[in-house]
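Working notes, structure below.
In the numbering used here, the protein residues as written are 622 to 1137.
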């Protein structure tokens, strides 16, 4: 399911017999009345009846649901590890991600997508989503009787489209650009592997707003003109609406070129915002890279004719459905339904299988029943279970380690993780990082003695750690920074006298956003 700001799309796909690829069983699209973004209801509420009717159909009701989380909710980092085993990656990725995101690791759900492996090790894209945001999304869906089995990352889900490209396009280097109403999502790939995944807060709504003002027409009229192309959109309107998007795309593709030594061969467009007929030509003129609408072919069989826009508009829903099937040669899905958000039906199914297995063991061997039940009850003990899992994770990740006393596994693991090689890729948000640093620098009083020891940037907040001369100076810095309209609020989360008694160490969190 693709719950967009201006449309709902769902693709039902099943796996065929070996060698027969994948079959598009059904595809549904619902586009409500197009209205300005400030008047739009919550997408889940807006599509309530459509989703209910869809899931009541016999062919749809039993199909597990894969739903994409908007890219703006996900923090992604590129990480490199000197080993290849999944049993080592699973426990290590969250520890390596800690310190590279603004939120505490205890406040997020973490998953990762393996994008490359060689004799040197593994490269993954790790992602984290704030737990309250997951809870809010699931609560909204549960209110209409919808319970997705998989919560994936919309941006990384686009990677499954690569296997519907022709072999030459799949090899790349290239990029997939999905243009939604209020955001655009970019996936850069090379040799069939993901290199960069980004979300940019510029979309089709920006173009509609500028076009309506330029021609003095209503929002609805501007949206219709944008999509049907009856009247060509002047270049100055494109530039005024999408210059920030062009700049972000140019910087990202240039960073890829510098890192890989190759220029992208093409940009493949999808999403409702990509329906404007003159869009490919405009992007190509500004980026000097061939641009075309995405074409879905490869192993996907479409049983009936759709409109010429099907490939472009259905791409996100098809990508999510393919991720839900999780075939071996596709990138397996990320799933943020973990820990307290684990899919409940799966737990019940596992429990039933365990009971059935226990009954079969009892029938086969009565002599082993006592030992089995005793072992099962012992494993149900929470304390022993947690201790066993902790030690198992440690020695799996570090088999060369000597015996570690019970209770010291976590401390030893943190120490060893810090020695592993890894790198983080901080994606820029809606405000350029350099501009934010300039604002902070300009607002700090010139006569203040201040040493910045750590600064972590996230699209929603900045965490700043430093040292100054006194607690009064900390308050003065906070007051001066709070005068900027660039952020929503500032709070000092920690302030204490330094160990050498020569100053005050403090931690300050700047929550980004415009003041009302």
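Beta carbons: idealized from backbone N, C-alpha and C, even for Gly. Keep in mind that this is a model prediction, so the values were computed, not measured.
So the beta strand (DSSP E) residue 649 belongs to, where does it begin and stop?
-> 643-651
For residue 1125, collect the residues of the same chain with a Cβ closer than 8 angstroms to its Cβ; drop the 5 residues on either side in sequence, then sort them by chain order.
-> 1088, 1089, 1090, 1091, 1092, 1094, 1095, 1116, 1117, 1118, 1119
By how many angstroms is the C-alpha of residue 917 removed from the C-alpha of residue 683?
-> 26 angstroms
Could you tell me the distance, in whole angstroms, from the CA atom of residue 943 to the CA atom of residue 637?
-> 12 angstroms
Let me know if residue 804 comes out buried or exposed under the rule of 16 or more other beta-carbons within 10 Å of its beta-carbon.
-> buried
Neighbourhood of residue 733 by C-beta distance below 6 angstroms, restricted to the same chain and skipping five residues each side | 714, 745, 747
Residues near residue 761 by beta carbon distance below 6 angstroms, same chain, minus five either side | 665
Where does residue 674 sit, in a helix, a strand or coil, going by DSSP?
-> helix
Separation of residue 632 from residue 644, as counted between CA atoms = 10 angstroms
Mind checking who residue 1015 pairs with in its DSSP beta bridge?
-> According to DSSP, which records beta bridges pairwise, residue 1015 is partnered with nothing at all.
Do residue 890 and residue 913 have their C-beta atoms within less than 8 angstroms of each other?
-> yes
Same chain, Cβ closer than 6 angstroms to residue 1111, five either side skipped, listed in chain order = 1099, 1102, 1103, 1131
So residue 884 is in the alpha helix (DSSP H); what residue range does that whole segment cover?
-> First-last for residue 884: undefined, no H or E at that position.
Please report how far the alpha carbon of residue 833 lies from the alpha carbon of residue 872, in whole angstroms.
-> 29 angstroms
Please classify residue 862: is it buried, with 16 or more other beta-carbons within 10 angstroms of its beta-carbon, or exposed?
-> buried
Helix, strand or coil for residue 1175, going by three-state DSSP, please let me know.
-> The chain is shown only over 622 to 1137; residue 1175 falls outside these bounds and no answer can be derived.
Identity of the residues DSSP links to residue 699 by a beta bridge = 746
Could you name the residues of the same chain whose beta carbon sits closer than 6 angstroms to that of residue 1121, not counting the 5 residues immediately before and after it, in chain order?
-> none
Collapsed DSSP secondary structure at residue 623 in the structure displayed = strand
What separation, rounded to the nearest whole angstrom, lies between the Cα atoms of residue 1055 and residue 1025?
-> 45 angstroms
Touching or not, the region 653-670 and the region 834-845, by the rule of three or more beta carbon pairs under 8 angstroms?
-> yes
Which residues bound the alpha helix (DSSP H) around residue 931?
-> 931-946
Taking residue 859 as the reference, which of 874, 824, 877 has the closest Cα?
-> 824
Using CA coordinates, which residue listed in 674, 1059, 957 is at the minimum distance from residue 729?
-> 957
Among 1037, 810, 1083, the one whose alpha carbon lies nearest that of residue 1108 | 1083
For residue 642 versus residue 921, is the C-beta distance shorter than 8 angstroms?
-> yes
Of all the options 698, 712, 668, which has the alpha carbon lying nearest to the alpha carbon of residue 722?
-> 698
Entirely within the region 761-810 and at least 4 residues each: give me those alpha helix (DSSP H) ranges in chain order.
-> 775-778, 788-792
In three-state terms, what does DSSP make of residue 1005?
-> helix
Out of curiosity, what's the CA-to-CA distance linking residue 1127 and residue 1073?
-> 10 angstroms
Check whether the Cβ atoms of residue 774 and residue 955 sit closer than 8 angstroms, and answer yes or no.
-> yes
Name the DSSP bridge partner or partners of residue 922?
-> 644
How many Å lie between residue 960 and residue 736 at the Cα?
-> 24 angstroms
Under 6 angstroms Cβ to Cβ from residue 692, same chain only, skipping five residues before and after it: list those, please.
-> 775, 776, 806, 820
Which listed residue (626, 646, 778, 763) has its alpha carbon closest to that of residue 634 = 646
Same chain only: Cβ atoms within 8 angstroms of residue 680, ignoring 5 sequence neighbours per side = 633, 646, 647
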